[in-house]
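Using the numbering used here, you'd call the opening residue of the sequence shown number 433 and step up by one each time. Glycine included, each C-beta is placed from N, C-alpha and C at the ideal position. Here the structure is a predicted model, which is why all the values come from computation and not from measurement.
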Amino acid sequence: MNPTHETFQQYIDGQFEPGSQHFESLSPATGEAWARMPAATEADVDRAVRAAHRALHAPAWQGLTATQRGKLLHRLADLIARDAPELARLETQDTGKVIRETLAQIGYVAEYYRYYGGLADKVQGAHLPVDKPDIEAYTRREPIGVVAAIVPWNSQLFLSAVKIGPALAAGCTVVLKASEEGPAPLLALARLVHEAGFPPGVLNILTGFGQDCGKALTSHPLVQRIAFTGGPETARHIVHNAAQNLAATSLELGGKSPVLVFNGVDVDSVCNGIVAGIFGASGQSCVAGSRLLVQSGVYDALMARLVARARQIRIGEPHDPATEMGPLATLKQRQHIEQVVQASIEAGATLLTGGQAPADFPLGHYYEPTILACPDARVPCVHTELFGPVLSVLKFDTEEEALALANDSAYGLASGVFTRDLAQAHRMIRQLRAGIVWVNTYRVVSPIVPFGGFGLSGLGREGGLEAVLDYTRTKSVWLNTSDAPIPDPFVMR
Ligand code: NAD
C-alpha cells in the first residue's frame, strides 16, 4: 500500500474493522489513487444485517422512548455540523464535487437529521371509532424492521440522510452501503455515529461493489425495507432481489428534467436558475435541468446570455473555494458523455459551447459546460440521462408544444417553469408529469418537502412526514372491554 494513502474502515455492530478485501479510491481531479477502502464481502454483509436485526429487538434500542431516539439524531446532527469542514474535504477529495458545494450541502445535511430527530416522537397511531360494542380499536405504528440503504456516488451524505433520518426516527435499524465510487464521507460518518452513542448494530456502514455487496444486502432474508438511490438498471436488479423476501422498496432514480422558459421573463435571472440546474455539481445531479425548452420570443436573447455565462464558469481544482465546476466523478462517466455528445452532433445538434475536456486540465475527468441546440427530440442527448454538464435545448412556440416536449420522457423526477404569467404557471403545474415542479426557481430542497419521481424516476418519496411513515408498519389492536362471555364462536362479528 502507498504510505501516503488515507485508510478507511467499515463499521459493523459498533466496531470499526479494516475489512478482509480492499480497493483503491481514485481522486477525480488527478485520476490517482488516494485512499484504501474496505470492500465488504457477502460474509460482512451477513454479519452487518444480523447485527442490525439483533439491535432492532435489543433493549438498548427498542427500549428507548421515541423522544430519546430523536435526541440521538439531534446529537448526530450536531456532530455533522461540527465536522462539516472535514466531511466536505473528504467528499470533495473522493468525488470531485467542489468544496463550496460540499461545505454548504453538508451544513444542510445536519438539518435533515434535526428534522427527523424532531419527528421521532410525532409518529403515532390512531384510536378508531369502531362499529362494534365494547371494543376499543386502535393502530400502532411500529418500525418496519432492518433497512438496507444503498446510495450512488453523488451527494452521498445527503442521499443517506434522507434514508437514515426517517428510518432511525421510526425505530428501525439500518445497514447502509456507500457507493464504491467516493465512499470516504460515509465511512467518516460512521465515526460520528459511534461518537453520538447509538447502540451497536443500530446503524452499520459498509462499502463495496454492487454485484456482491449490494446484491447480498438486498437479497438478505432479514431485510424488510430497501431504500435505494441510483440508476434504473440497478433498480430492476434490486426489485428482483427484494421480491425474494417481499421487502418494501423505495426507489429514487434518474431524470431528464425539463425546464420551460416562456416569453417575457427576466433573461439574466432565468439564466442563473438554468445554470444552477445544469452546471451546479457539474451536472451530476438526479434533478439536473438537462432539457431546456425555450419559447421562440425569448430564445435568441436567452441563448446568447446562457452561452456567455457558461463560458465564464470557473473550472478548477475542486478544493479551491473559487472553483465553480470541478471534474466528473469517474472517467467512465466522461467517456459516456463524450459518446452521446458526439452522436447528438451527428444527429443534427449544433454545439453552441463546450463539448470537450478543457485543455488546462489534462489530468482528471474534467468536461466543459456544454450546450447543444437540438432540431428535435429525436437527438440522443434529449432523452439520454447524461449525469453531466450538458444542456440540450429545444425551441417551442405554443404552451401545448412546450408541454408535449416536456412530458415526452420515460422519466419524471423534476421540472422547472419560468414565467411571469401566474395562470400559465398553474396550468403547467397541473399538467407536468414530474414529482417536483419548481416555478421561477430551481434545485431548491428541504427536509420538510417530499422528494421523488414519476415513471422511470422511481417509487416512493423521501423527505417530509410521509417518508417516516414509510419506515413503519401498522398494527391493528382489538381490545374487548366487556366482562360478558364470548358469544357463539361460529358467527363472525
Ligand atoms: P448505480 O445504480 O450504478 O449505483 C448505485 C448504487 O447501487 C451503488 O452503491 C452500487 O454499488 C449499487 N449497486 C449496483 N448494482 C447493484 C446490485 N445489483 N444490487 C444492489 N446494489 C447495486 O448508480 P450510479 O451510477 O452510482 O449513480 C447515478 C444514478 O443515480 C443516476 O441514474 C442518477 O440519476 C441516480 N440518482 C438519483 C437520485 C434521486 O434522488 N432520484 C439522486 C442521485 C442520483
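Just checking Ser-611 against the ligand NAD - is the residue's beta carbon closer than 7 Å to any of the ligand's heavy atoms? yes
Beta carbon of Trp-585: closer than 7 Å to some heavy atom of the ligand NAD? yes
With DSSP as the reference, label Asn-839 as helix, strand or coil. coil
For Leu-724, does the count of other Cβ atoms within 10 angstroms reach 16, so buried, or fall short, so exposed? buried
Is Cys-813 near the ligand NAD - that is, is its Cβ less than 7 Å away from at least one heavy atom of it? no
Is the separation between the beta-carbon of Phe-711 and that of Pro-821 shorter than 8 Å? yes
Let me check one thing: in DSSP terms, what residues is Phe-908 bridge-paired to? This sequence places Ser at residue 908; Phe is not what is there. Note: Ser-908 sits in a beta bridge opposite Thr-571.
When you compare the stretch 666-683 with the stretch 649-657, are there three or more beta-carbon pairs, one atom per stretch, that lie closer than 8 Å? yes
Buried or exposed: where does Pro-801 fall if 16 or more other Cβ atoms within 10 Å of its Cβ makes it buried? buried
Given 7 Å as the limit, tell me if Ser-721 has its C-beta closer than that to any heavy atom belonging to the ligand NAD. First, the amino acid is wrong: residue 721 is Gly here, not Ser. Gly-721: no, Cβ never under 7 Å from the ligand NAD.
Integer-rounded CB distance, given that Tyr-798 should sit under 8 Å from Val-579: About 37 Å; that fails the 8 Å criterion.
Counting Cβ pairs closer than 8 Å, one from the stretch 841-849 and one from the stretch 684-701, do we hit at least three? yes
Examine the ligand NAD and report whether any of its heavy atoms sits within less than 7 Å of the Cβ of Lys-554. no
Is Met-735 near Leu-795, with beta carbons less than 8 Å apart? no
Under 8 Å between C-beta atoms of Ala-492 and Pro-598: no
Any non-hydrogen atom of the ligand NAD within 7 Å of His-768 CB: no
Between Lys-595 and the ligand NAD, is the CB less than 7 Å from at least one heavy atom? no
Less than 7 Å between the CB of Leu-845 and some heavy atom of the ligand NAD, yes or no? yes
According to DSSP, is Lys-647 helix, strand or coil? helix
Continuous alpha helix (DSSP H) assignments of at least 4 residues falling wholly in the stretch 453-520: 474-489, 491-494 and 498-514
Would you tell me roughly how many angstroms separate the C-alpha atoms of Gln-716 and Met-924, rounded to the nearest one? 58 Å
In terms of alpha-carbon separation, which member of Val-909, Trp-466 and Ala-461 lies closest to Thr-439? Trp-466
Excluding the 5 residues preceding and the 5 following Asp-566 in the sequence, name in chain order all residues of the same chain whose CB lies nearer than 7 Å to its CB. Asn-912, Thr-913 and Ser-914
Find out if the Cβ-Cβ distance for the pair Cys-718, Glu-684 is shorter than 8 Å. yes
Mind checking which residues open and close the alpha helix (DSSP H) that includes Gly-426? Any question about residue 426 goes unanswered here, given that the chain covers just 433 to 925.
Exposed or buried, what is Ser-701 when buried is set at 16 or more other beta-carbons lying within 10 Å of its beta-carbon? exposed
C-alpha gap between Asp-1010 and Ile-861, whole angstroms: Here the chain covers residues 433 to 925 and nothing more, so residue 1010 does not appear.
Which residue marks the beginning of the alpha helix (DSSP H) containing Val-607, and which one marks its end? No alpha helix (DSSP H) contains Val-607, which is instead part of the beta strand (DSSP E) from 605-610.
Tyr-443: first and last residue of the uninterrupted beta strand (DSSP E) it sits in: 442-444
Alpha-carbon spacing of Ile-637 relative to Leu-504, whole angstroms: 17 Å
In the structure shown, what three-state DSSP assignment does Phe-660 receive? strand
When DSSP labels each residue in this structure, what does Gly-539 get in the three-state scheme? helix
For Ser-889, is the beta carbon positioned less than 7 Å from some heavy atom of the ligand NAD? yes
Pick from Glu-778, Asp-515 and Ala-593: whose alpha carbon is nearest that of Gly-549? Ala-593
Exposed or buried, Glu-832, counting other C-beta atoms within 10 Å across all chains shown (16 or more means buried)? exposed
Please report the straight-line C-alpha distance between His-506 and Ala-628, rounded to a whole angstrom. 9 Å
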